[in-house]
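Keeping their order, the protein sequence lines are chains A and B. For what it's worth, the working numbering labels the leading residue of the first sequence as 1, then goes sequentially. For what it's worth, the working numbering labels the leading residue of the second sequence as 1001, then goes sequentially. Notes follow the structure.
2 protein chains.
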Amino acid sequence: MSSAQPGDGNDDLASRLAQTAAEIEALLDGLLKDTVREGEIARPARLLAAMRHGALGGGKRLRPFLTVETARLLGVAPAQALRAGAAVELVHCYSLVHDDLPAMDDDDIRRGRPTVHKAYDEATAMLAGDTLLTLAFEVLADPDTHASGDIRAALVLALARASGLGGMAGGQMLDLAAEGRFGAGAAATLSDVEIRRLQAMKTGALLAASVDIGAVLGGASAEQRAALGIYGRALGAAFQVADDILDVEASPEQLGKATAKDQGKGKGTLVQALGLDAAKRERDGLSAAAVAALAGFGAEADVLRAAARFAAERAS
Amino acid sequence: MSSAQPGDGNDDLASRLAQTAAEIEALLDGLLKDTVREGEIARPARLLAAMRHGALGGGKRLRPFLTVETARLLGVAPAQALRAGAAVELVHCYSLVHDDLPAMDDDDIRRGRPTVHKAYDEATAMLAGDTLLTLAFEVLADPDTHASGDIRAALVLALARASGLGGMAGGQMLDLAAEGRFGAGAAATLSDVEIRRLQAMKTGALLAASVDIGAVLGGASAEQRAALGIYGRALGAAFQVADDILDVEASPEQLGKATAKDQGKGKGTLVQALGLDAAKRERDGLSAAAVAALAGFGAEADVLRAAARFAAERAS
């Protein structure tokens, strides 16, 4: 499936991913400048620099891409959806900065560069994560995000629910618990059902929210929002199984971070629970389910269909 | 000024502070239950328990009180303002949980109890802070917060700006820098001007936002919002100078936390920069300025006037 067929969205995917990534980079760069609003005091330069280290210059920007393309599918111009996409990306970046800290996953390298606490220090990295998270909600709530107050409040609600106790942060907590961090010290052996649940929270919720936020921006009907919800959750699950497979099969150079670390830490993955072949079948099934969820849309959804295949088949 | 005069608001202050504190406690208790929304997965019990440890059972709840009383001044029933007050308190609690961590201020005791990372562990405390912050924005954005979408978005914006790089988190960063954490290792000697700037960010911004959020909820006119802004900033500054004075004069038992720690860490305070007597004069002047800012309101603002005096004269 890696050979593109005319009209299946693969041609558009690479160029649109690249374009959105460039636009998100420029937008985040502008948000993370040392500009001072009226009545506000100058910002601490070291903290701003750490935020920039954590948010700029890296990643595929898949989440904003999903937001922008879902909104575009529903008739919203990409330029009108970029700020909402940037907010999702800020939450993603905050989670990486905090998860990399020594008290959490203790990673030194991210996207081929030192993690924020290695480039700066732990206190600065904690505050950089905190302020990236806070900025995400500021960006969504700001009237500059071209949407009514009702929609901006709905965007904040969707992003907060996907990020908090019942979503990403809760999933990270379950992941740490599965490593045996809070109990007798031994890693638990999670069932495949438990692993799917953990992953739906830790990575699935924010990917699904990326799609849902585009749907809310685009004024999706209840039926459209439900279909896009299925798409987003299936894509999110496929993305994470693919991640687990890459951790086994890819090189550190490909990923820009350490590999084979899941086994070392006793992290539960579907590769461990099901074996590599079954994990690949699950990944492909989820990707197909994401594509199938878009059956009610026409060719204008091809790029989202291609994104679901990409989430499963990516090499990094 | 500690002897109450009939009609000056002091009679009401104690009872209204106690009532709001009880109502906020009940509301936070309800928000931090292991309830599961439709379509959501169950929440990790240990993380929820740590959030409860960090948010329940403590504090004067001064910030929600300011939100509720400012809203009441503008005709909003207290019951309609409680959720907004709870959101501000959640941000305050998140900041305490993170600031107490070993990489930050390294405090073991808070409100007479072990800090969250002592009662649990560092990773759990980090995630508990993250999720308390996230929950604050979820609470404000939710339609259950009785306000239009425009107002809910404005509340999110005000809270985010007060909490982030240009507000509370930025102030904490400046505070750590003043301790010499990022440089040659020696604590800097801040001027009184620099200390006021730091404190306006670290503690002043969220206290001022507590008032401003009440003003936004109450549909304040531009003139009213400006007057209440002066009140909130002066009260916030008075509160922090009072804190610095208490750190010198009060016992650990009175405060439920360690005292005399500012000197030990080389934290810049106005007591150090100006001396104790001049710091007390500044505190009283700020309190008077806060009261004066409410000159355009009648007797219905007496409880806010009393709160400004209380912020300066409190014994804990």
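Here a beta-carbon is modelled for each residue, glycine too, at the ideal position from N, C-alpha and C.
Query, Result
"Alpha carbon to alpha carbon, what distance is there between R72 of chain A and A319 of chain A?", "Nothing can be reported for residue 319 of chain A, as the shown portion of chain A is limited to 1 through 316."
"Please work out which residues of its chain come closer than 8 Å, Cβ to Cβ, to M1051 of chain B, disregarding the five sequence neighbours upstream and downstream, and give them in chain order.", "L1032, A1128, T1131, L1132 and L1135"
"Using DSSP bridges, identify the partner residues of P1114 of chain B.", "B:I1109"
"Does the stretch 66 to 80 of chain A come close enough to the stretch 115 to 122 of chain A that 3 or more CB-CB pairs lie under 8 Å?", "no"
"Alpha carbon to alpha carbon, what distance is there between A1158 of chain B and A1226 of chain B?", "14 Å"
"Cβ closer than 8 Å: which chain B residues qualify as neighbours of A177 of chain A?", "P1044 and R1046"
"Taking C-beta to C-beta, are M1126 of chain B and M104 of chain A nearer than 9 Å?", "yes"
"Does the beta-carbon distance from I195 of chain A to A273 of chain A come in below 9 Å?", "yes"
"Quick one: Cα of E1138 of chain B to Cα of S221 of chain A, how far?", "23 Å"
"Look at A1177 of chain B and A1188 of chain B and say whether their C-beta atoms are less than 9 Å apart.", "yes"
"Relative to the C-alpha of L96 of chain A, which residue among A:A301, A:L82, A:Q172 and A:G75 is closest?", "A:Q172"
"For chain B, is any of its Cβ atoms less than 9 Å away from the one on A220 of chain A?", "no"
"Could you tell me whether any Cβ in chain B is nearer than 9 Å to the Cβ of P143 of chain A?", "yes"
"Where V1335 of chain B and V193 of chain A are concerned, what is the direct C-alpha to C-alpha distance, given to the nearest angstrom?", "The structure shown does not extend to residue 1335 of chain B, since chain B spans only 1001 to 1316, so no value can be given for it."
"Just to confirm, is the Cβ distance from L74 of chain A to L28 of chain A under 9 Å?", "no"
"Measure the C-alpha to C-alpha separation of K1280 of chain B and I1245 of chain B and round it to an integer number of angstroms.", "8 Å"
"Could you tell me which of B:A1308, B:R1314 and B:V1303 sits nearest to S1015 of chain B, measuring between CA atoms?", "B:V1303"
"Taking 9 Å as the cut-off, decide whether the C-beta atoms of E1313 of chain B and A1242 of chain B are in contact.", "yes"
"Nearest to K1060 of chain B by CA position, among B:F1297, B:F1239 and B:A1299, is which residue?", "B:F1239"
"If you measure between the beta carbons of A1215 of chain B and G1229 of chain B, is that distance less than 9 Å?", "yes"
"Mind checking whether D34 of chain A and A26 of chain A have CB atoms under 9 Å apart?", "no"
"Below 7 Å CB to CB, which residues in the same chain sit around M1001 of chain B once its five sequence neighbours on both sides are set aside?", "Legend: pLDDT at M1001 of chain B = 39, less than 50; position of this residue unreliable, value from coordinates given subsequently. Closer than 7 Å at the Cβ level, and outside the excluded window around M1001 of chain B, lie R1309 and E1313."
"Could you work out which residue in B:L1190, B:A1021, B:G1057 and B:A1200 is closest to G1166 of chain B when comparing CA atoms only?", "B:A1200"
"Can you name, in chain order, every residue of its own chain whose Cβ lies under 7 Å from the Cβ of A1290 of chain B, other than the five neighbours on each side?", "Y1231, A1234, L1235, A1238 and A1308"
"Helix, strand or coil for L274 of chain A? Go by DSSP, reduced to three states.", "helix"
"Please report the straight-line C-alpha distance between C1093 of chain B and A1306 of chain B, rounded to a whole angstrom.", "24 Å"
"Under 7 Å Cβ-Cβ, which residues of chain B neighbour G164 of chain A?", "T1131, T1134, L1135 and E1138"
"Tell me the DSSP secondary structure of H1092 of chain B in three-state form.", "helix"
"From the beta carbon of L174 of chain A, is the nearest beta carbon of chain B less than 9 Å away?", "yes"
"Could you tell me whether the Cβ atoms of G1268 of chain B and L1190 of chain B are closer together than 9 Å?", "yes"
"Taking V1291 of chain B as the query, report the chain C residues whose CB atoms sit under 9 Å from its CB, ordered along the chain.", "The displayed structure is made up of protein chains A and B, and chain C is not among them."
"Residue range of the alpha helix (DSSP H) that R196 of chain A falls in?", "D192 to Q199"
"Report the rounded CA-to-CA distance for D247 of chain A versus G1183 of chain B, giving the unit in angstroms.", "38 Å"
"Which residues bound the alpha helix (DSSP H) around D247 of chain A?", "A222 to E249"
"List the endpoints of the continuous alpha helix (DSSP H) containing E1313 of chain B.", "D1302 to E1313"
"Under the three-state reduction of DSSP, which class applies to T49 of chain A: helix, strand or coil?", "At residue 49 of chain A the sequence reads Ala, which differs from the Thr that was named. In this structure, A49 of chain A counts as helix in the three-state DSSP scheme."
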